[in-house]
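To get my numbering, take the position in the sequence shown, counting from 1, and add 1107. Every residue, glycine too, gets a C-beta built ideally from N, C-alpha and C. Only a predicted model underlies this, so the values are computations on that prediction, with no experimental measurement involved. Encoded as structure tokens, the structure appears first; notes follow it.
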Amino acid sequence: PRNLQTSEPTKTSFRVSWDPAPGEVRGYKVTFHPTENDVDPRVLRVGPYDNTVIHAVAVARLLYVLHCLFSADAQCKTSAKADIVLLVDGSWSIGRINFKTIRNFIARMVGVFNIGPNNVQIALAQYSGDPRTEWHLNAHPTRESLLKAVNDLPYKGGNTMTGMALKYILDNNFQTGVGMRPEARKIGVLITDGKSQDEIIFNSQNLRDSGIELYAVGVKNADENELRSIASDPDEIHMYNVQDFKFMVDIVDDLTVNLCNSVKGSGRKNTAGSEHYTQMGPPTNLVTSEVTHYSFRATWTPPELPVDMYRVTYMKVAGGPTLELLVDGEVTTTVLENLSPLTEYVVNVYAVVEEVSSEPLKGTQTTLPLPAPANLKVFDETSSSMRVSWEEAAGATGYLLLYRSINASEPQLETTRRGRSSCGHWTPCWVQICCLVLLMFWTRTSDPVQAGSSQIFAVLVDLLNAFQNLLMFWT
1108 PRNLQTSEPT KTSFRVSWDP APGEVRGYKV TFHPTENDVD PRVLRVGPYD
1158 NTVIHAVAVA RLLYVLHCLF SADAQCKTSA KADIVLLVDG SWSIGRINFK
1208 TIRNFIARMV GVFNIGPNNV QIALAQYSGD PRTEWHLNAH PTRESLLKAV
1258 NDLPYKGGNT MTGMALKYIL DNNFQTGVGM RPEARKIGVL ITDGKSQDEI
1308 IFNSQNLRDS GIELYAVGVK NADENELRSI ASDPDEIHMY NVQDFKFMVD
1358 IVDDLTVNLC NSVKGSGRKN TAGSEHYTQM GPPTNLVTSE VTHYSFRATW
1408 TPPELPVDMY RVTYMKVAGG PTLELLVDGE VTTTVLENLS PLTEYVVNVY
1458 AVVEEVSSEP LKGTQTTLPL PAPANLKVFD ETSSSMRVSW EEAAGATGYL
1508 LLYRSINASE PQLETTRRGR SSCGHWTPCW VQICCLVLLM FWTRTSDPVQ
1558 AGSSQIFAVL VDLLNAFQNL LMFWT
């Protein structure tokens, strides 16, 4: 955020405003503390569409230090489908100011999900005396439109009839005609501030028997025993109760994590409450391409159901360590690098949902051999030196030259040249010489190329103690 400003000062309060931060924002955290005391700052949190807040407990004649931070971090990264219905208490006991806190709480809770017809859908019903649907599951196909609807959520007012509201969402919101998908996980979240004025046990049990996982969030005057009877087991995951609306910020992150875990997974609860898992199919049609001496690309076709990620493992067929890559679930190709030349590798591609892997899709590919240097020539021979040249090879980090006596009367010598394609002025050998040049790629070398069509050349001098050097030519 930018351009932080204060206005409307009184003896006990002042307003803080700022320009919104760019990009996706989950909310803003504003901290206040007097300049001489930064040990226990007061923290206010507001939603992603708010850019002003009133600090209402200021002390007169104190100078305050303000910090405004935006949150855009946690996301529920899953491609699983889930239909979530929020049931929000809008009774008179909440009040308009606290209802704004509930809106901010909801915005932070739903803002972590990937919203869409193939991912998470969220509906909202508000209740007091008579429940009403604010929007259905298929009403908002994007996160942006959903957050705007949360920000514009009106305050209803009325009595607390939670039992009637629980029956209402089963009959009206968890229905295929308004966007519910039979294959998606089904979750209900109740947010209330008081004790219900009607019976809730029977209607909450009907929801759970229909395969709907229930969360219950109570604030202030909510009845904890009532919340436990509504929430699914275990209570430590599905039931929350705070003493005041200002403490809702303390539970939203934990609730969001548990909701995300409920959304994830490859199974769903049936009407008997047991877990039923469908077999997750592997990816298909593994194709390798773009093969070089140190890498190749692997591409595959995704399975029918969406996945969280792909796990790609590869190793040498001859044996060695198994290496692993993780690929985003929306990507179906990757490049395997830092391989050995002229080596066969086996590749396995697994589809992963949550932490469950499918059967592997298998394939093999052999890397290319290192290319040999070409067009090796020897020239400028003298009795004590000779010059060698060859064509440069793309990607080579250097060249390794070996030369030795043909009749093995001299030891093999070696020299290394980097960044050049010629060398010369070697010490005299006075015997036939065979020269080999190998490409160097980091720590590996190619097959050698040898000099001349006959693969040898010779320098013969001072034979039979002749009075003068004998110069000979041949082809």
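Is it true that the CB of residue j sits closer than 8 Å to the CB of residue i?
i, j, result
"ASN1158", "SER1186", "no"
"SER1465", "GLY1388", "yes"
"LEU1432", "THR1441", "yes"
"PRO1390", "PRO1410", "yes"
"SER1482", "GLU1499", "The sequence shown places Asn at residue 1482, not Ser. Cβ atoms of ASN1482 and GLU1499: not closer than 8 Å."
"SER1369", "ILE1294", "yes"
"VAL1394", "THR1471", "no"
"PRO1480", "TYR1506", "yes"
"GLN1112", "SER1120", "no"
"SER1492", "LYS1484", "no"
"LEU1254", "PRO1155", "yes"
"ILE1213", "VAL1257", "yes"
How many whole angstroms separate the CB atoms of residue i and residue j, which I take to be in contact at a CB cut-off of 8 Å?
i, j, result
"VAL1324", "ILE1344", "No, VAL1324 and ILE1344 are not in contact; Cβ-Cβ is about 12 Å, not under 8 Å."
"LEU1321", "SER1336", "The pair is not a contact, with the Cβ atoms about 10 Å apart (cut-off 8 Å)."
"PRO1467", "TYR1457", "5 Å"
"SER1236", "ASN1266", "Looking at the sequence shown, residue 1236 is not Ser but Gly. So it is a contact: roughly 5 Å between Cβ atoms."
"ILE1584", "ASP1300", "There is no way to answer for residue 1584, as the model of the chain reaches only from 1108 to 1582."
Report all residues from its chain with a CB closer than 6 Å to the CB of residue i; omit the five preceding and five following residues, and keep chain order.
i, result
"ALA1272", "LEU1194, TYR1234, PRO1238"
"VAL1296", "LEU1193, TYR1322"
"LEU1151", "VAL1137, VAL1160"
"VAL1219", "ALA1181, GLN1182, CYS1183, THR1363"
"LEU1430", "TYR1421"
"ALA1291", "LYS1188, ALA1189, ASP1190"
Tell me which residues share the same chain as residue i and place their Cβ nearer than 8 Å to its Cβ, disregarding the 5 neighbours each side in the sequence.
i, result
"ASP1305", "MET1268, THR1269, GLY1270, MET1271"
"ASP1357", "VAL1349"
"THR1399", "THR1474, LEU1475"
"ALA1232", "VAL1192, LEU1193, LEU1194, VAL1195, PRO1238, ARG1239, THR1240, GLU1241, ALA1272, TYR1275, ILE1276, ASN1279, ASN1280"
"ASP1342", "ARG1335"
"THR1283", "PRO1289"
"LYS1302", "THR1267, ASN1328, ALA1329, ASP1330, GLU1333"
"GLU1397", "PHE1403, ARG1404, VAL1442"
If we ignore side chains and look at the alpha-carbon of each, how far apart do residue i and residue j end up?
i, j, result
"PRO1248", "VAL1359", "23 Å"
"LYS1327", "MET1287", "32 Å"
"VAL1454", "LEU1446", "13 Å"
"PHE1486", "LEU1508", "16 Å"
"SER1490", "TYR1421", "54 Å"
"VAL1285", "HIS1243", "6 Å"
"ARG1404", "THR1240", "50 Å"
"VAL1153", "VAL1137", "8 Å"
"SER1402", "ASP1340", "50 Å"
"ASN1245", "PHE1281", "11 Å"
"SER1585", "TYR1135", "What the structure shows of the chain is the stretch from 1108 to 1582, and residue 1585 is not part of that stretch, so it cannot be assessed."
"LYS1188", "GLY1264", "33 Å"
"LYS1469", "ALA1230", "42 Å"
"GLU1597", "ILE1307", "With the chain covering 1108 to 1582 only, the question about residue 1597 has no answer from this structure."
"ALA1329", "LEU1443", "56 Å"
"ASN1313", "LEU1366", "21 Å"
"ASP1361", "MET1216", "10 Å"
"THR1450", "ARG1315", "56 Å"
"TYR1347", "PHE1309", "21 Å"
"ALA1338", "TRP1199", "24 Å"
"ARG1250", "LEU1260", "15 Å"
"SER1252", "GLN1228", "12 Å"
"PRO1224", "LYS1353", "34 Å"
"THR1412", "SER1317", "Note on residue identity: the sequence assigns Leu, not Thr, to residue 1412. Taking the straight line from one Cα to the other gives about 23 Å."
Near residue i, what residues of its chain come up, given a Cβ to Cβ distance below 7 Å and the 5 sequence neighbours on each side ignored?
i, result
"ASN1279", "THR1240"
"GLY1426", "none"
"TYR1262", "GLY1197, ARG1203, PHE1206"
"VAL1414", "SER1186, GLY1436, ALA1458, VAL1459, VAL1460"
"VAL1434", "MET1416, TYR1417, VAL1419, THR1441"
"ASN1392", "TRP1407, THR1408"
"LYS1371", "THR1185, ALA1187, GLU1461"
"ASN1110", "TRP1125, ASP1126"
"PRO1448", "HIS1400, TYR1401, THR1474, LEU1475, PRO1476, LEU1477, ARG1551"
"ARG1122", "THR1113, SER1114, GLU1115, THR1159, ILE1161"
"MET1355", "THR1208, PHE1212, VAL1326, VAL1349"
May I ask whether a heavy atom of the ligand FMN can be found less than 7 Å away from the beta carbon of residue i?
i, result
"ILE1204", "The ligand FMN is not among the ligands present in this structure, which contains no ligands whatsoever."
Can you find a CB in chain C that lies within less than 8 Å of the CB of residue i?
i, result
"ASN1266", "Annotation note: the requested chain C is absent from the structure, which comprises a single protein chain."
(request) Report yes or no: do three or more beta-carbon pairs, one from the segment 1274 to 1293 and one from the segment 1207 to 1215, lie closer than 8 Å? (result) no
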